[in-house]
DNA sequence: TTGACATATGTCGATATCGGAATATGTTGG
DNA sequence: CCAACATATTCCGATATCGACATATGTCAA
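What follows is the structure in C-alpha cells.
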C-alpha cells in the first residue's frame with residue numbers, strides 16, 4: 101500500500117507554505133490571480149494550481165470579472181481547524197496554570213528545528 | 101526542482117490524519133507506545149514513526165519509564181498554529197456580522213468534498 | 001475575426017511520504 | 001548471560017506532490 105489521498109482536506113491544503121502565503125495575501129480582500137502573482141514571487145501556473153487546491157477545499161471562492169478571476173478568502177472554512185484546535189485549549193490551559201513549569205519547559209525545549 | 105522539505109513544521113506534522121489521531125489519544129495524558137497501538141488500530145512501527153515526526157516538531161515529548169516510553173502532548177507547540185488562525189479571525193468575524201450572507205453562503209457552498 | 005491579455009491545464013523529472021515487513025536496539029527479570 | 005517484552009530503525013514499492021515549462025482555454029477590444 102501507499103500514501104493516502106492527501107490534498108483533499110483543509111489541513112493538508114493549509115500545510116503548504118506557499119498556499120498559506122496566498123491566503124495571507126487574500127486577507128486584505130478579493131484579488132485577481134495576476135495580483136497575487138505580483139505580490140508573491142511565484143509563477144502564474146503555480147498560483148493557479150495552488151488556488152485550485154484551496155478552491156477544492158473551499159478555502160477560497162472565485163468570481164469572474166471580465167477576463168480577470170477574483171479570488172476571495174472563505175474564512176468560514178477554517179472552522180474545522182478552529183474546532184480541532186479548541187479541543188487542545190484545555191490541555192494547553194492546564195499547563196499554562198503552572199507558569200513556572202511552562203517557562204522551564206520553553207527553556208528545556210528550545211527550538212526543535 | 102521538486103517538493104520543499106515538509107514534515108519539518110507543525111503544519112505538516114498535523115496535516116496527517118493518523119498523527120492527529122495520535123495527538124487525540126494523548127489529550128487524556130501520558131501514554132506508552134503500546135497503549136497507543138492498542139487504542140488506534142495501527143502497527144507499532146507506524147505509531148513509532150509518527151511519534152518521531154511529532155517529536156521532532158515538539159508536539160510531543162518522551163520520557164522513559166522502565167522498558168516503556170511514555171509520550172506526552174506538548175500543547176504549547178500548537179501556538180504557531182493558534183496565532184496563524186487568529187490572523188483570520190477578523191476576516192471571519194467581518195463575514196459573520198452579515199448573518200444572512202453567511203447562511204446563504206453555507207447553502208451555496210455545501211460541502212465541497 | 002484577430003490579436004493581446006488573463007488564467008487554467010497538461011506533462012515531466014525529482015523527491016517525499018506513507019504503509020508493510022523485517023530487523024535492530026534497549027530493558028527487565030531470572 | 002538469556003529470554004521475553006517494548007520500542008525504534010531500516011528497507012521497500014507505490015503513489016503524491018511540487019516546481020518548471022509549454023500549451024490550451026477564455027475574454028475583451030478594435
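Protein chains in written order, with my numbering: chain A, 101 to 213; chain B, 101 to 213.
Where is the CB? At the ideal position from N, CA and C, for every residue including glycine.
Taking the C-alpha atoms as reference points, what is the distance between residue i and residue j?
i                     : j                     : result
residue 153 (chain A) : residue 113 (chain A) : 7 Å
residue 127 (chain B) : residue 164 (chain B) : 19 Å
residue 175 (chain B) : residue 110 (chain A) : 21 Å
residue 157 (chain B) : residue 172 (chain B) : 13 Å
residue 217 (chain B) : residue 178 (chain A) : Residue 217 (chain B) lies beyond the stretch modelled for chain B, which goes from 101 to 213, so this question has no answer here.
residue 115 (chain B) : residue 185 (chain B) : 15 Å
residue 130 (chain B) : residue 117 (chain B) : 20 Å
residue 188 (chain B) : residue 160 (chain A) : 13 Å
residue 125 (chain B) : residue 190 (chain A) : 14 Å
residue 119 (chain B) : residue 180 (chain A) : 16 Å
residue 123 (chain A) : residue 192 (chain B) : 13 Å
residue 166 (chain A) : residue 150 (chain B) : 48 Å
Once the 5 residues before and after residue i are set aside, which same chain residues still bring their CB inside 6 Å of it?
i                     : result
residue 140 (chain B) : 121
residue 146 (chain B) : none
Less than 8 Å between C-beta atoms, sequence neighbours within five positions excluded: which residues of the same chain meet that for residue i?
i                     : result
residue 182 (chain A) : none
residue 169 (chain A) : 132, 133, 162 and 163
residue 148 (chain B) : 133
residue 217 (chain A) : Nothing about residue 217 (chain A) can be read from this structure; chain A reaches only from 101 to 213.
residue 108 (chain A) : 156 and 157
residue 194 (chain B) : none
Tell me the DSSP secondary structure of residue i in three-state form.
i                     : result
residue 156 (chain A) : helix
residue 170 (chain A) : strand
residue 116 (chain A) : coil
residue 218 (chain A) : With chain A covering only 101 through 213, there is no way to say anything about residue 218 (chain A).
residue 148 (chain A) : helix
residue 121 (chain B) : helix
residue 164 (chain A) : strand
residue 194 (chain B) : helix
From the DSSP output, which residues share a beta bridge with residue i?
i                     : result
residue 189 (chain A) : Its beta-bridge partners do not exist; DSSP assigns none.
residue 131 (chain B) : B:171
residue 108 (chain B) : BP columns for residue 108 (chain B) are empty, so no partner.
Identify each residue in the stretch 165-178 of chain B for which the Cβ-Cβ distance to at least one residue of chain A is less than 9 Å, and report them in chain order. 173, 174, 175, 176, 177 and 178
Which residues, taken in chain order from the stretch 126-154 of chain B, show a beta carbon closer than 7 Å to some beta carbon of chain A? 127
What residues from the stretch 179-194 of chain A come within 9 Å of chain B, judged by C-beta to C-beta, listed N to C? 179, 181, 182, 184, 185, 187, 188, 189, 190, 191, 192, 193 and 194
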